[in-house]
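**Q**
There are 2 protein chains.
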Amino acid sequence: MRKIIRYNNVFIQDTASTAGQKEAEGPLATSFDLIDTDAYFGKPTFEKGESEMVRITVNLLLSKLNKKPEDIDAVLCGDLVNQCASSSFGVKTFGIPHIGIYGACSTCAEGLALGGILIDNQSFKTVISLASSHFCTAERQYRFPLEYGNQRTPTAQNTVTGCGAFMLSDQPAVARLESSLFGIISDNGVTDQNNMGAAMATAAVDTISRYFYESNETIDDFDLIATGDLGYEGHAIATELLAHRGIKTDERFTDCGMLIYDTKRQDMHAGGSGCGCMATVLAGHFFRQIRENRLKRIMLIGTGALLNPNTVLQGESIPSVAHLITIRTEK
Amino acid sequence: MRKIIRYNNVFIQDTASTAGQKEAEGPLATSFDLIDTDAYFGKPTFEKGESEMVRITVNLLLSKLNKKPEDIDAVLCGDLVNQCASSSFGVKTFGIPHIGIYGACSTCAEGLALGGILIDNQSFKTVISLASSHFCTAERQYRFPLEYGNQRTPTAQNTVTGCGAFMLSDQPAVARLESSLFGIISDNGVTDQNNMGAAMATAAVDTISRYFYESNETIDDFDLIATGDLGYEGHAIATELLAHRGIKTDERFTDCGMLIYDTKRQDMHAGGSGCGCMATVLAGHFFRQIRENRLKRIMLIGTGALLNPNTVLQGESIPSVAHLITIRTEK
Chain A
40 MRKIIRYNNV FIQDTASTAG QKEAEGPLAT SFDLIDTDAY FGKPTFEKGE
90 SEMVRITVNL LLSKLNKKPE DIDAVLCGDL VNQCASSSFG VKTFGIPHIG
140 IYGACSTCAE GLALGGILID NQSFKTVISL ASSHFCTAER QYRFPLEYGN
190 QRTPTAQNTV TGCGAFMLSD QPAVARLESS LFGIISDNGV TDQNNMGAAM
240 ATAAVDTISR YFYESNETID DFDLIATGDL GYEGHAIATE LLAHRGIKTD
290 ERFTDCGMLI YDTKRQDMHA GGSGCGCMAT VLAGHFFRQI RENRLKRIML
340 IGTGALLNPN TVLQGESIPS VAHLITIRTE K
Chain B
40 MRKIIRYNNV FIQDTASTAG QKEAEGPLAT SFDLIDTDAY FGKPTFEKGE
90 SEMVRITVNL LLSKLNKKPE DIDAVLCGDL VNQCASSSFG VKTFGIPHIG
140 IYGACSTCAE GLALGGILID NQSFKTVISL ASSHFCTAER QYRFPLEYGN
190 QRTPTAQNTV TGCGAFMLSD QPAVARLESS LFGIISDNGV TDQNNMGAAM
240 ATAAVDTISR YFYESNETID DFDLIATGDL GYEGHAIATE LLAHRGIKTD
290 ERFTDCGMLI YDTKRQDMHA GGSGCGCMAT VLAGHFFRQI RENRLKRIML
340 IGTGALLNPN TVLQGESIPS VAHLITIRTE K
């Protein structure tokens with residue numbers, strides 16, 4: 040089996056996105072619904088701030104669609120903070136049935152793919168899927184205290200401060216969730232946690248290859264194919280590996296981590312990363328273009344590095360996974 | 040909507056369970072497929088050991104059913120270690136599409152409930168759902184270094200070293216996954232991380248009440264109703280709260296955390312906890328009774344405390360969630 044899942048009637052009703060200061064200084068600034076330049080989002084700690092960002096984003100999404108929490112049958116959510124606390128604390132006041140997921144930075148794609156199945160199976164009528172990350176909570180959890188001001192390597196990526204949320208239901212809307220393909224864990228032996236693009240590139244290539252192999256489609260069937268957060272380093276590797284497999288790519292093949300910052304001007308090294316990277320770029324930038332009919336059919340590949348700081352300290356390489364979804368307009 | 044999900048054709052083909060020393064000293068010892076009294080499971084660290092336990096359990100399950108990894112369409116898995124590393128590292132060599140979930144100690148129920156939807160939607164033909172926990176990885180991550188030998192409070196629970204795995208498909212088998220109900224996050228203000236039973240009791244009561252309210256069933260419709268790991272403290276609270284709501288319980292209402300240890304003899308305070316608690320008790324003890332037709336219809340309620348050590352340090356209370364499944368024999 041392990042086939043591409045084809046959804047019958049799953050639509051993205053609308054999206055909401057919240058982002059931080061660095062994202063607001065980048066080229067996609069106007070695509071986000073809400074920007075807060077306060078990394079604390081008005082709270083006393085970064086962690087509480089990230090949860091507040093999640094809470095605000097859910098409220099934005101509900102408000103856009105004039106929905107109340109009780110109209111939502113489930114929220115699928117995840118983030119990078121230990122025990123996915125940012126998202127669960129962020130949604131805890133809504134009283135919506137909670138389905139916690141963890142796919143590292145592939146969480147956005149995993150949630151949409153799973154959410155689509157819940158809707159298509161008519162188990163649920165309306166679900167919200169969301170993913171969140173925060174530079175300050177990730178940096179001090181995965182790397183160093185912020186106060187330390189450590190230097191970063193050229194292949195390092197910058198965790199996006201952002202949350203993207205999506206409302207799915209079977210009611211026709213501008214964007215149809217068309218298909219998905221869950222990823223197989225790939226471990227290519229990369230041990231450098233400052234080069235997660237290289238660790239994740241093989242997972243992305245594997246899932247993209249499986250999709251094209253089964254579907255007989257090519258990049259020409261899409262207006263855009265975007266990985267989640269391979270960054271410049273991982274994108275270059277993935278492009279080369281796809282070429283080796285005879286899979287043609289061109290400028291339509293891009294990466295959310297390359298798009299979210301003006302990398303050189305903002306000194307962002309290899310680009311953006313984090314669950315919030317694909318989530319905000321899809322919810323904001325891409326969804327706007329879908330709405331304006333400038334993108335008609337797109338493929339997104341969420342890429343997740345399944346490490347934690349201890350696995351690195353214990354000498355493990357970095358396993359990765361990439362979940363794929365395709366979206367097309369109904370126009 | 041938010042209704043009880045009723046599965047059409049989802050069956051638990053078989054289960055596998057692996058457990059550690061303390062579990063082997065308890066009353067359910069003979070129900071586990073494999074016991075390893077080495078907390079390292081032959082590996083150099085506890086974390087690598089937990090992953091090895093997961094890997095062994097998947098192999099046990101595949102072997103029982105004479106299946107190969109390529110016969111499995113997806114593995115839903117989760118654990119308590121940061122970034123769910125124990126389970127993802129444990130399954131990474133199988134090449135099975137990976138769906139990471141996080142529900143703290145409700146993970147076993149969450150995975151079965153979600154896996155059932157994937158099968159019923161015919162998105163997948165065969166999936167494995169598993170949950171794992173390990174006393175030594177949890178203790179040093181959540182509490183103190185083991186070497187410190189700290190004393191525990193009377194309401195503290197002991198994290199089960201164990202992994203339980205389940206194979207689901209639409210092929211008729213001894214046990215049918217009948218229905219599920221996803222939990223709503225409950226936060227009753229408990230801040231004591233050594234009293235997670237009290238924190239989780241309200242979540243369990245909420246989900247059980249919702250189930251009975253919608254279904255018009257009572258405890259008399261079940262041979263057994265077991266929460267995941269409320270322990271003695273949480274079980275007493277839940278029993279009282281259910282009575283306040285007019286929901287009758289009797290000796291058929293129990294808790295996996297109360298069953299897995301001989302609490303007094305083993306000095307286990309309020310009982311067992313951890314993702315592996317419900318997973319191993321269901322996969323071992325309960326499933327054996329289902330197979331022997333001594334249990335015909337059971338309700339399991341996975342209970343998860345959605346904290347991490349930082350949320351406690353930052354003064355947050357402990358939100359909890361409880362996911363419910365019902366299973367019945369086909370005999």
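Residue numbers (the working numbering), protein chains in the order written: chain A, 40 to 370; chain B, 40 to 370. Each residue gets a CB set at the ideal place from its N, CA and C atoms; glycine is no exception. Remember, predicted model here, so these are calculated numbers, not experimental data.
Could you list which residues in chain B have their beta carbon closer than 8 Å to that of Tyr141 (chain A), in chain order?
**A** Result: Gly117, Gln122, Cys123, Gly139, Ile140, Tyr141.
**Q** Taking Ala190 (chain A) as the reference, which of A:Asn233, A:Gly150, A:Asp159, A:Gln180 has the closest Cα?
**A** Correcting the residue type first, residue 190 (chain A) is Gln in the shown sequence and not Ala. Checking every option, the nearest Cα to that of Gln190 (chain A) belongs to A:Asn233.
**Q** Given this structure, state the Cα-to-Cα distance separating Ser356 (chain B) from Gly154 (chain A), to the nearest angstrom.
**A** Their backbone Cα atoms lie some 29 Å apart in a straight line.
**Q** Among residues of its own chain, excluding the 5 on either side of Thr241 (chain B), which ones have a beta-carbon nearer than 6 Å to its beta-carbon?
**A** Answer for Thr241 (chain B): Ser225, Asn227, listed in chain order.
**Q** Distance check for Arg327 (chain B) and Gly150 (chain A), CA to CA, integer angstroms please.
**A** Rounded to the nearest angstrom, the two C-alpha atoms are 34 Å apart.
**Q** Grouping DSSP H, G and I as helix and E and B as strand, with all else coil, what is Asn197 (chain A)?
**A** DSSP places Asn197 (chain A) in strand when its eight states are reduced to three.
**Q** How about Lys131 (chain B): is its C-beta nearer than 8 Å to some C-beta of chain A?
**A** Chain A contact via Cβ: present.
**Q** Can you confirm whether Glu387 (chain B), when its beta carbon is compared against all beta carbons of chain A, has any partner nearer than 8 Å?
**A** Shown here, chain B extends from 40 to 370; a query on residue 387 (chain B) therefore has no answer.
**Q** Return the residue from the list A:Arg291, A:Ile44, A:Cys295, A:Lys61 that minimises the CA-CA distance to Phe261 (chain A).
**A** For Phe261 (chain A), the nearest C-alpha among the options comes from A:Arg291.
**Q** Buried or exposed: Phe183 (chain A), going by 16 or more other Cβ atoms within 10 Å of its Cβ?
**A** Under this definition Phe183 (chain A) is an exposed residue.
**Q** Going by beta-carbon coordinates alone, are Gly236 (chain A) and Glu186 (chain A) separated by less than 8 Å?
**A** No. Outside cutoff.
**Q** Please list the partners that Ser162 (chain B) has in chain A, where partner means a Cβ-to-Cβ separation under 7 Å.
**A** Ile44, Ile156, listed in chain order.
**Q** For the alpha helix (DSSP H) containing Ile329 (chain A), name the first residue and the last one.
**A** Run containing Ile329 (chain A): 326-330, per the alpha helix (DSSP H) assignment.
**Q** Would you be able to state if there are at least three C-beta pairs under 8 Å between the stretch 53-61 of chain B and the stretch 72-79 of chain B?
**A** Result yes; three or more Cβ-Cβ pairs closer than 8 Å.
**Q** Could you check how far apart the C-beta atoms of Thr198 (chain B) and Gly88 (chain B) are, in whole angstroms? I think they sit under 8 Å.
**A** Rounded, the Cβ-Cβ distance is 14 Å, inconsistent with contact.
**Q** For Lys82 (chain B), which residues in the same chain have their Cβ closer than 6 Å to its Cβ, ignoring the five residues on either side in sequence?
**A** Closer than 6 Å at Cβ, skipping near neighbours: Gly88, Glu91.
**Q** Please tell me whether Lys303 (chain B) has its Cβ less than 8 Å away from any Cβ of chain A.
**A** Not an interface residue.
**Q** Going by the CB atoms, is the gap between Gly341 (chain A) and Cys147 (chain A) shorter than 8 Å?
**A** Yes; because the gap between Cβ atoms is below 8 Å, this pair is in contact.
**Q** On the criterion of 16 or more Cβ atoms from any shown chain inside 10 Å, does Pro193 (chain A) qualify as buried, or is it exposed?
**A** Classification for Pro193 (chain A): exposed.
**Q** Of the residues that make up the stretch 345-367 of chain B, which ones have a beta carbon closer than 8 Å to any beta carbon in chain A?
**A** Per Cβ criterion, the list reads Leu345, Leu346, Asn347, Pro348, Asn349, Thr350, Gln353, Glu355, Pro358, Val360.
**Q** Going by C-alpha to C-alpha distance, which of A:Thr257, A:Ser248, A:Gly142, A:Asp301 sits closest to Ala277 (chain A)?
**A** Ranking the options by Cα distance to Ala277 (chain A), first place goes to A:Ser248.
**Q** What are the residues that DSSP puts in a beta bridge with Ser359 (chain B)?
**A** In DSSP, Ser359 (chain B) forms a bridge with B:Ser225, B:Ala344.
**Q** Would you decide whether Tyr252 (chain A) is buried or exposed? Buried here means 16 or more other CB atoms lie within 10 Å of its CB.
**A** The residue in question, Tyr252 (chain A), is exposed, as its Cβ has fewer than 16 Cβ neighbours within 10 Å.
**Q** I'd like to check one pair, Ser218 (chain A) with Thr365 (chain A): are the Cβ atoms closer than 8 Å?
**A** For Thr365 (chain A) and Ser218 (chain A), yes; Cβs fall inside 8 Å.
**Q** Just grab the DSSP bridge partners of Asp245 (chain B) for me.
**A** Answer by DSSP bridge pairing: none, since Asp245 (chain B) is not bridged.
**Q** Tell me which residues of the stretch 74-99 of chain A have at least one Cβ-Cβ distance to chain B shorter than 7 Å, keeping chain order.
**A** If the cut-off is 7 Å between Cβ atoms, the stretch 74-99 of chain A has Thr84, Glu86, Lys87 near chain B.
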